[in-house]
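Working notes for the structure below.
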Amino acid sequence: MRFVSTLIICFAILLSGCTKSNPEEDYINTLNALFDKSDQAIDDINSILDTAMEGEYWQLKEPAKKQTEVLDMFYKALEIEPPAKFAEDHKTTNLLINSIKEFNNIMVDFSQSGNKAAFEKLGVVTENVDKYMKQSVFMKKYRVDGYEEKFDTRAAMKEIEENSRMNEDEYATFVLDNFKNYTIAIEGLIEIIKTVQMGIEDPLVIDTTKTIISQLQAVRKTFGLAKPPKKYESRHSDFAKLIDHYILAAEELERGILTGDVSAHEKMNKYLNDANIYLESMRKLVDEVSGTELSINTPNATQASKPTPKPISTPEATDAPANSSIKMSTYSNGRFGFTINYPEDWTLGEEPTNGDGIEITGKDGAMILAYGSIYMEEFSPDLTDYTKLDINNDKFSAYHNSIPHNDATLHHAVFIRSDNQVIYQLNITVKKQDKELANTIIESFDTFEGLE
C-alpha cells in the first residue's frame, strides 16, 4: 500500500514538471471557482430574504457567514499579482468584491438585530455592484452568464428599502416611547441646571449629569437607527438635532461643574438657545403622532429673560407660625399643589411657564427654591444619603440634609417623594443664625418631627 502511494506521488511530481502553467487560465479558474461559491451564497440569501424581512431575520446568519468566508478567500486570491492581461481589470474586480462585501455586511447586521434600518444603504450598494459588474472585463468575457442578474435587482432592493420604513402606527409608538425617555432625561437636566444655578454643593450632581447624558445618547442612537415614514422624515431629523444640542449642553454643564470654567456655562447657554430652532418641529411631531397636545418641558439658557408667570399660583398673606415672630406669606403652586410659607418682606420671583415652582429671595443671599417634578427613578438624587425622617402622612417618604455652604450660610435640602409619581424639592439658603427660620419654612412645606 505504501509502495502504491509512493508511485502516485512520484507520478504527480513528474506530471507537474511536464505541464506548463498558464497564469491567465489559473487566474480565470480561481476567480470563477470563487464566484461559483459566492453565487451559491447569494442564492441562499435571496431565497430566504422575504421570510427574514417578515421577522425571521436570524435565518440570514448562516448564508451570510458562508458569503463572508468566500469573500475572505477572494481577498487572499486578489493579493496575488494578476497576469498582465488582467492588471487594469484587477482593480475593478477589487471594487466589485468590496461592493459585494458591503451587501453582505448589511445582511449580517440585519441577521443580528432584525432592525430594518440596516437596509438604509442597500440601494446604493446594489447599484455599485451592478456598475462594477458592467465595467468588469472578466465578468463580460470569462464569467458564465447569469451571475449579473443576481444583483441586477435595484428595483427590488429599493422596494425592500422602502419596506424597511416604519408604518405610521409603528412610528407613532416609537416616537411616544422615546419621547417618554427623552422627557425623563430633560426633566433631570432641568433639575441639575437649577441645582448648579443655586450654587448647591450636591455630591451627586456629577453622577446624575453623567446619567442624563448617557440617557440622551441612548435616545439619540435609537433615533439614528429608525427609518420614519417619508412624511415625518424632516421632523424626525429635527428631533434628533434637538437631542444633539441637549447632549452638547449637558456635556458643557458637566465640564463647568468639574473645572469651574466660565466658558462652559456660556457654551451650555448657546446650545440651549440653538436647540430652540428645532423645538417647534419636535412639538408638532409629538402632537401629531399622539393625537393630542402634550406638555413639554425644556431647559432654558440661564442668561435668557424670565418668562411671564402663569396666573395660577399666588402669594397670600398669612399669620405667622406659633414658633416664629416673623410675618409670613404663603405661596401656592397650581401645578403640583404644594404650599410654602416665606417671610413677608422677601421677594417672590416669577413662576416659569411650566409652572413647576418658585424662587423666593431675601436679604444677604437668603433664598428659597421650591418646586415639583415628575418622579423618575433613574435621575432622582440618591436619597439614601439623606437622613430619613418620620412624617405624619405615610404616603410620603421624606429626606432632609443640612450642608454648610460657607462660613456664613447654611443650606437645607429637603426631598419628598409622593406616590412614586412626583418628587417635591425644597432648597433653602440662610445665615446660620437663621436656622430656626429655615425650620419654620420647612415645616410649612411638610410636617417633620424635627430637624437636627
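Using the numbering used here, the first residue of the sequence shown is number 423, and each one after it goes up by one.
Ideal placement from N, C-alpha and C gives every residue a C-beta, glycine not left out.
The way I'd put it, the segment 493-502 does touch the segment 511-520; three or more beta-carbon pairs between them come closer than 8 Å.
Note on geometry: alpha-carbon atoms of E773 and A640 lie some 32 Å from one another.
In the DSSP assignment, E773 falls outside any beta strand (DSSP E), carrying neither H nor E. Between P650 and A539, the alpha-carbon positions lie close to 10 Å from each other. The C-beta distance from A697 to H667 rounds to 4 Å, short enough to fall under 8 Å. Exposure of A509 is indicated by the presence of fewer than 16 other C-beta atoms within 10 angstroms of its C-beta. The beta carbon of E674 sits closer than 7 Å to the beta carbons of A686, K689, M690 and Y693 from its chain, once the five residues preceding and following it are set aside; these are given in chain order. Assignment of L626 by DSSP, reduced to helix, strand and coil, places it in the coil class. Judged by beta-carbon spacing, Y604 lies within the 8 Å limit of I665, meaning their Cβ atoms are closer than that value. In terms of Cβ geometry, I634 and A594 do not form a close pair [threshold 8 Å].
Secondary structure at P765: strand, using DSSP grouped into helix, strand and coil. The three-state reading of DSSP puts A474 in helix, counting H, G and I together. Closest in alpha carbon position to K785, among W480, Q534, E766 and S535, is E766. With 16 or more neighbouring CB atoms inside 10 Å of its own CB, G779 falls in the buried class. The beta carbon of V597 is closer than 7 Å to those of L707, V708 and V711 in its chain, skipping five residues each way along the sequence.
If you draw a straight line from the Cα of I612 to the Cα of L500, it is about 57 Å long. For M750, the enclosing beta strand (DSSP E) covers residues M750 to S754. If the five residues before and after F867 are omitted, its C-beta is found closer than 6 Å to the C-beta atoms of I762 and L848, all from its own chain and listed in chain order.
In the three-state scheme derived from DSSP, where H, G and I count as helix and E and B as strand, S558 is classed as coil. Beta-bridge annotation (DSSP): G779 is paired with Y793. The three-state secondary structure of K649, taken from DSSP, is coil. Among the bridge pairs identified by DSSP, T831 is matched with K853. The DSSP-derived three-state label of A788 is coil.
With respect to the C-alpha of Q855, the residue from T862, V836, T831 and I863 having the closest C-alpha is T831.
Just measuring C-alpha positions, the residue of K602, S659 and D465 sitting nearest Q489 is D465.
Using a Cβ distance threshold of 8 Å, L791 and K602 do not count as a contacting pair. The beta-carbon separation of M529 and L456, rounded to 18 Å, does not stay under the 8 Å limit for a contact. Under the criterion of beta carbons closer than 8 Å, G794 and I845 qualify as touching, at roughly 7 Å. S533 sits close to A486, with the two beta carbons spaced by under 8 Å. A Cβ-Cβ separation of about 6 Å places T644 in contact with N600 under the 8 Å criterion. When the Cα atoms are used, I864 and I748 turn out to be separated by approximately 15 Å.
The C-alpha of K632 lies about 18 Å from the C-alpha of D683. Linking P504 to G477 through their CA atoms gives a straight-line distance of about 43 Å. Annotation for Q534: the continuous alpha helix (DSSP H) segment containing it runs A509 to S535. Straight across, the Cα-Cα distance linking D511 with N527 is about 24 Å.
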